[in-house]
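Protein chains in written order, with the numbering used here: chain A, 4 to 355; chain B, 261 to 744.
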Amino acid sequence: MTVDEVATVARAAVVNIVVVATREVHALRAAATVSELAMRHPSRAIVVLMDRRPDPDAAPAIELHAQLPSVDRYEQVHYEQILVRARGDCADRLTSVIVPLLVPDLPIFVWWTGSPAIGQRHFDDVVAFADRLLVDSADFARPEATLPELAGRCMIGRRRCALTDLNWARLTGWRELLTQFFDVPTWRAMLPHVDGVRVSFSVDADGREIHPSQALLLIGWLGARLGWSPAERIAPSEAGGLLFSMRRSDGAPVRVRVRPRFERGMAEGDVTGIRVEGERDGRRSEFRVHAMSGDGRPRYATLSVRQDGTLAAERIVPLPPTDVVRLLGEELTILASDRVYEEALALLLALS
Amino acid sequence: MVIFGGTGDLTSRKLMPALYDLARQRLLPPAFAVVGVGRGELTDAEYRSQLREAVGQHSRSRPIDQEVWASFAERLYYVSVRADDGYADLRRRLEHFDGELGTEGDRLFYLATPPTAYVPIVRSIGRHELRGPRGWSRVVVEKPFGRDLASATALSRTLHEVFAEDEIFRIDHYLGKETVQNILVFRFANSIFEPVWNRRYVDHVQISVAEPIGVEERTEYYDTAGAMRDVVQNHLLQLLALVAMEPPVAFDANAVRDEKVKVLRSIRPIRPKELAERAARGQYGPGFIEGEAVVGYHDAPEVAPESRTETFVALKLFVDNWRWEGTPFYLRHGKRLPKRATEIAIQFRAVPHHLFSEDAREGMEPNTLVVRIQPEEGISLKFGAKVPVQGVRIRSVAMDFVYGASFLVDAPDAYETLILDALRGDATLFTRQDEVEEQWRLVDPVLEAWRRSADPVPLYAAGTWGPQEADIFMARDGRRWRQP
């Protein structure tokens, strides 16, 4: 076959995915994830690897490696992946390479692995053409500060680039389980009387890697949904935990405690359990969701309700897997910005 | 076929490769010879070997077939013309072919020289009676056809001293492109598009011709012309005419061109006081194209330091007729834009009443029909579809037709189509005098207003989609330029 004969193919791409990575291992992992998704979301993927270590011997350079068009294992979908390798200081010219490679008229998702380079030119340039920016706040050093700042950067003139956090997507299952308690009318009546929340999240065995961002997002969500306002700023407590309080709409305080816990088989930073308690008409109720691992993975959750210390209900349900392929697949079906997420974030900002 | 400018860039890059490809497809008439006319002294053999190399580089069917080339080159000649005696020599050669090769007095003159040479060449054709005693004579004129209305009319007058209007073939190579011709087929061979092709259903139309290249190689010409004369006056307005025209009474040269002229005549001129709302210009500064640092227009050595030549033009035009009243046509062309893309986008109106919630609709855009002229020639229709999840969430998807994937034949180059049409005498894809004049009538006042204006020409960084002025101009209408 000559080059001309393969030059045009019927393309099924529904989305442009631009992956930005500064480490090769991240770039390769992201590339593998995107290609695994090709069957559900055929895409033009552009993986940008920015090696910004200064190299005195080499001038800034950008190389392109294309894998075009590869026919996936089902031989039905053409999937195109382009690797852009930028060495040295190429921040000023990066978009001039990416923009011509985008398929017109398709939404543009930018997946920024690691901490976003806020305030740097190539970050602003990339956000300017993106429809949706995907980050993972589990990788952020100070998510409570970085996330709100990111949200601000996503307004470009009158246009906005929607912000998505994979760490928020990991909470979908938790949010579903927690709200299910309150489908029961008698328990729903408890909601305005909640006075305490405890969230635990996973850390490694020696307790060095402490990433409470997912736990904080869950609290931000709960508070924003129930109309709580900040009463005091987030403060550290013993052993890497956090302790603070919020105020209900009737003015009563809600004590919030966030605790790191070592749990085998759980990824660092993942929420491992939540307990919501309150008192109404002299009766104390406690709603609890706790993850259990199986085969070394968090597979099930135990849901229990106690009233005045007595077990009122208990059930075990499977937890949806939260591997990146699945999370990304879900996120790619959404184009709009997520207002619930933004409100959770806004409350966190007020607390930090 | 006599090519004036026989050693020029156009001849080696476009005309000869096109002629060779026509020969390869057995489309050239049996009695046919090409005479290149130039100023230099070359033998036929030298000329042939020079072109052999050019065709080898630029033909769309490489490598060259030796047999085809050898037989084609036998009919390839060169005549050096510096003064009048050169024309006498040329005439003797042509008369010789009439007998020897059987060309019977049929002559196609091709003006592939810089435009300043058009008038003296045409007069010499007349004076030296290069038109055969019998047979037909036609002349093909390359753009730019004049630099304003007055010079275009004057050039037509000179051409008419020697040729009748139906013997003049003004070339606009865009019209030779397959996808451009397909606009007419798409519109008039299908019944489902024409009923919505009007102001009731179309919100606006965007036509873009974006080029990442700068003007390095032809700075001298470009600095006197600018983007408006180089592309907008001809290619962009022709595309607009094809999109907006009424169905012609027949698919023949005059019927099609009559309809195009009617569109051009209906376009509301841009008055000086509306300049800011309906026109924007720009000049590229330094920046990056595909990762390479490129210099700004002003930094090229041949550009005059005070040059105010525009390399970007955006226009908002209205076709004031029954079909299009009130529907804006946005035209945009620029050098050093991020990518090469020529497209026509018809954006339809939003639905009159929104049935679905705002949340459900957030990923949705109005229906758009995009005709991609280059690259990836094709047509795509954007419409909203339900995302397969619980509840209603709507997302825009594209139904795509890609030329190259549907027809497994190589499309001919625009010049092949146009040379063949000129040889056959079919002027459908060439612009008529009145079209050219209407096109100048539209751009002249804008150029004049810009020339008089003391405002600086807005700058845009190479590798961006033009100056902010063009975005503001769009934003004022509550719309956005597409990113083709």
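Virtual Cβ for every residue (Gly too), placed ideally from N, Cα, C.
- For B:Lys646, no alpha helix (DSSP H) segment is defined; the enclosing uninterrupted segment is the beta strand (DSSP E) at 638–646.
- For B:Arg430, the CB contacts under 7 Å within the same chain, skipping 5 residues up- and downstream, are Val401, Phe405, Phe690, Thr691, Val696 in chain order.
- Counting only Cβ-Cβ distances below 8 Å, A:Asp95 has contacts in chain B at Phe548, in chain order.
- Using a CB distance cut-off of 7 Å, B:Gly474 does not count as an interface residue toward chain A.
- Residue environment: B:Gln607 is assigned as buried (16 or more neighbouring CB atoms within 10 Å of its CB, all protein chains considered).
- Interface with chain A (7 Å Cβ-Cβ cutoff): B:Ala540 is excluded.
- Rounded to the nearest whole angstrom, the CA to CA distance from A:His214 to A:Phe132 is 31 Å.
- Shown in chain order are the members of the segment 322–341 of chain A whose Cβ falls below 8 Å from a Cβ of chain B: Thr336, Ile337, Leu338, Ala339, Ser340.
- If one requires a minimum length of 3 residues, the beta strand (DSSP E) runs lying completely within the segment 252–328 of chain A are 256–265, 274–283, 286–297, 300–310, 313–321, in chain order.
- If you draw a 10 Å sphere on the C-beta of B:Asn627, you find 16 or more other C-beta atoms in it, and that means buried.
- By the Cβ test, the segment 89–98 of chain A is in contact with the segment 548–555 of chain B, since at least three Cβ pairs between them sit closer than 8 Å.
- Residues of the segment 613–630 of chain B whose Cβ lies closer than 7 Å to any Cβ of chain A, in chain order: Asp619, Glu622, Gly623, Val630.
- In terms of CA proximity to A:Leu169, A:Ser140 leads the group A:Ser140, A:Gln183, A:Ala154.
- In this structure, the straight-line span from the alpha carbon of B:Asp483 to that of B:Met734 is close to 27 Å.
- For B:Ala574, the uninterrupted beta strand (DSSP E) segment begins and ends at 572–578.
- Boundaries of the alpha helix (DSSP H) harbouring B:Trp329: 326–333, taken from the DSSP string.
- Interface annotation, B:Ala674: not in contact with chain A, CB-CB separation never under 7 Å.
- Taking 9 Å as the Cβ-Cβ cut-off, the segment 587–601 of chain B approaches chain A at Pro598, Lys599, Arg600, Ala601, given in chain order.
- When secondary structure is reduced to three states using DSSP, B:Asn442 falls in the helix class.
- One finds Leu338 in chain A with Cβ atoms closer than 7 Å to the Cβ of B:Arg655, taken in chain order.
- In the structure shown, the three-state DSSP call for A:Ser46 is strand.
- The DSSP-derived three-state label of B:Met261 is coil.
- Nearest to B:Glu506 by alpha-carbon distance, out of B:Gln466, B:Asn458, B:Val475, B:Glu476, is B:Asn458.
- Listed along the chain, the chain A residues whose CB falls inside 9 Å of the CB of B:Ala283 amount to none; the nearest CB is some 20 Å away.
- DSSP places B:Met488 in the helix class (H, G or I) of the three-state scheme.
- Apart from sequence neighbours up to five positions away, the residues of its chain that approach A:Glu39 with a beta-carbon distance below 8 Å are Val328, ordered along the chain.
- For B:Arg621, DSSP records no beta bridge to any residue.
- Here B:Pro561 is exposed: its Cβ has fewer than 16 other Cβ atoms, across all protein chains shown, within 10 Å.
- Within 8 Å of the CB of A:Asp273, no CB atom of chain B is found; the nearest one sits about 24 Å away.
- As DSSP reads the structure, B:Ala605 sits in a beta bridge with B:Gln466, B:Val630.
- Comparing alpha-carbon positions, the option among B:Ser411, B:Arg320, B:Met488, B:Arg736 lying closest to B:Asp673 turns out to be B:Arg320.
- Residues of chain A with a Cβ closer than 8 Å to the Cβ of B:Val649 are, in chain order, Thr336.
- Here B:Leu668 is exposed: its Cβ has fewer than 16 other Cβ atoms, across all protein chains shown, within 10 Å.
- Shown in chain order are the members of the segment 710–727 of chain B whose Cβ falls below 7 Å from a Cβ of chain A: Gly723.
- Contact check for B:Gly268 against B:Ala372 passes: the beta carbons are separated by less than 7 Å.
- For B:Glu306, the enclosing alpha helix (DSSP H) begins and ends at 304–318.
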